[in-house]
Amino acid sequence: MVAAIVLYGSCSSGESKEAASPTPSRTASPAPTPTPTPTFPHSEVRHTVQEGDTLYDIAQLYGVTVDAIVAANHLADPTAISIGQVLVIPDPSYTPAPVTATPTMPPPDPRLTGFSYPIAGACLPSSDNLIPNAPREYRAGIHEGLDFYTGYSCVDVPANAHVLAAKAGRVIRADTGFVEMTLDELNTILARTQAQGYTDAEALDKFRGRQVWIDHGDGIVTRYCHLAGIPDGIVEGKQVALGDLVGFVGDSGTPEAVTNPGVEIHLHWELRVDDSFLGAGLPSVEVRALYEILFSD
């Protein structure tokens, strides 16, 4: 999620630093100067960004993928498009050169078996900004989990979509009495994180919003965050099976939930291993490999 300190009117533990993820659902915003048209030899098709456009909508219009547009236009942030910007639309037959790097993987952890995606039919997020270790400048931290958004995760992830237990276990946290931050609270937390140069544990917990945590034993815990709600019966101590309904997709805890509700709808999901998160400190290619293995059973 992309945010800034909001001063008008008035998506980890020990997770010192989880950070602003791109917002695939965010629409284009005005910019004073249109971005120059990039050069790309594989297509002469151009699209001028209009108010309300998203990369997902543009990709659907031309029959290409979001990643193809990102690669064609060398976009560092897939959500940072602006009205008037001219995008090259790549030829659908164009295939970027494959990544040839071979990650050096640590030995398999026998505790990390039997997991499924927490959203039915989902896949790993296509953008590296939605996986662990991605920067979150707005709160001076890094991301510590996977973000499942519509347009980036193989399936739609709308508000109130079902969130499923990724493995059998025992509920150890269920925020049934969650109350959203006020604008003053948000501004105070954002100012504090910038001043200290990292997101402290209290602030990070606020940014995860309404949560359910499931303990799978042997130091393995999954966290389901930014939830819009929690089903009746999901309470601390409850034993759940793989695939049980444990929550509903929302945007709670995001800065936008306070300033512009409804634009940051997604599931933030974390896999905690002992005192850290799966993939901590690793490059994106290795992080992806770890999570592909995790969900391959």
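Going by the working numbering, the first residue of the sequence shown is number 1257, and it counts up by one from there.
We put the beta carbon where it would ideally sit given N, CA and C, even for glycine.
Check	Outcome
For Ile1398, which residues does DSSP report across the bridge?	Pro1391
Kindly list the residues whose CB is nearer than 8 Å to the CB of Leu1591, restricted to its own chain and excluding five residues on each side of it in sequence; keep chain order.	Examination of residue 1591 is not possible in this model, given that the chain is present from 1257 through 1553 alone.
For Glu1542 and Gly1319, what's the separation of their Cα atoms in angstroms?	30 Å
Along the beta strand (DSSP E) that carries Tyr1480, what are the first and last residues, could you check?	1476-1481
Let's test the definition: count the other Cβ atoms within 10 Å of the Cβ of Pro1363 and tell me whether it reaches 16, buried, or not, exposed.	exposed
In whole angstroms, what separates the C-alpha of Ser1540 from that of Asn1389?	8 Å
Hey, out of Pro1517, Pro1511, Thr1369, whose CA is closest to Leu1555's CA?	Because the chain in this structure spans residues 1257 to 1553, residue 1555 falls outside the shown range and cannot be described.
Whole beta strand (DSSP E) runs in the region 1469-1529 with 3 or more residues, listed along the chain?	1476-1481, 1501-1504, 1523-1529
So, at 8 Å on beta carbons, what are the nonlocal neighbours of Val1453 in its own chain, with the 5 sequence-adjacent residues on each side left out?	It is worth fixing the name first, because residue 1453 is Gly in this sequence and not Val. Excluding sequence neighbours, Gly1453 sits near Ala1396.
Determine, using beta carbons only, whether His1418 comes closer than 9 Å to chain D.	This model lacks chain D altogether; it includes just one protein chain.
Let me know the secondary structure DSSP gives Pro1294 once reduced to three states.	With a pLDDT of 43 at Pro1294, under the threshold of 50, the modelled position of that residue is not reliable, and no figure is offered here.
Would you check if the distance between the CB atom of Trp1469 and the CB atom of Pro1374 is smaller than 9 Å?	no
Below 8 Å on the Cβ atoms is my contact criterion, and I expect Ala1415 with Ile1521 to pass it. Report the Cβ-Cβ distance as a whole number of Å.	5 Å
Express the C-alpha separation of Tyr1394 and Leu1492 in angstroms, rounding to a whole number.	Just to set this straight, residue 1492 is Glu in the shown sequence, not Leu. The straight-line gap from Cα to Cα measures roughly 32 Å.
Can you tell me which of Leu1446, Arg1528, Arg1466 puts its alpha carbon nearest to the alpha carbon of His1472?	Arg1528
Could you tell me which of Thr1406, Gly1370, Ala1376, Val1519 sits nearest to His1418, measuring between CA atoms?	Ala1376
Thinking just about the alpha-carbon of each residue, which of Tyr1405, Thr1369, Phe1371 is nearest to the one in Leu1311?	Tyr1405
Out of curiosity, what's the CA-to-CA distance linking Val1477 and Gly1499?	15 Å
For a test of the three-state rule: what should DSSP assign to Thr1444, helix, strand or coil?	helix
Asp1530: buried (16+ other C-beta within 10 angstroms of its C-beta) or exposed?	exposed
Go ahead and label Thr1432 buried or exposed: buried means 16 or more other beta carbons lie within 10 angstroms of its beta carbon, across all protein chains shown.	exposed
What would DSSP say about Phe1404, mapped onto helix, strand or coil?	strand
Enumerate in chain order the residues of its own chain whose CB-to-CB distance from Ile1302 is below 8 Å, with the five nearest sequence positions on each side excluded.	A quick correction: the sequence has Arg, not Ile, at residue 1302. Within the same chain, Arg1302 has close Cβ partners Thr1293, Val1342, Leu1343, Val1344, Ile1345.
Ignoring anything shorter than 3 residues, give me the beta strand (DSSP E) runs that lie fully in the region 1292-1346, in order along the chain.	1302-1304, 1342-1344
Smallest Cα separation from Ala1430: which of Ser1383, Asp1488, Glu1436?	Asp1488
How would you call His1330, buried or exposed, if buried means at least 16 neighbouring beta carbons within 10 angstroms?	exposed
Please classify Ile1428: is it buried, with 16 or more other beta-carbons within 10 angstroms of its beta-carbon, or exposed?	exposed
Measuring only the C-alpha atoms, how far is Asn1385 from Ala1484?	23 Å
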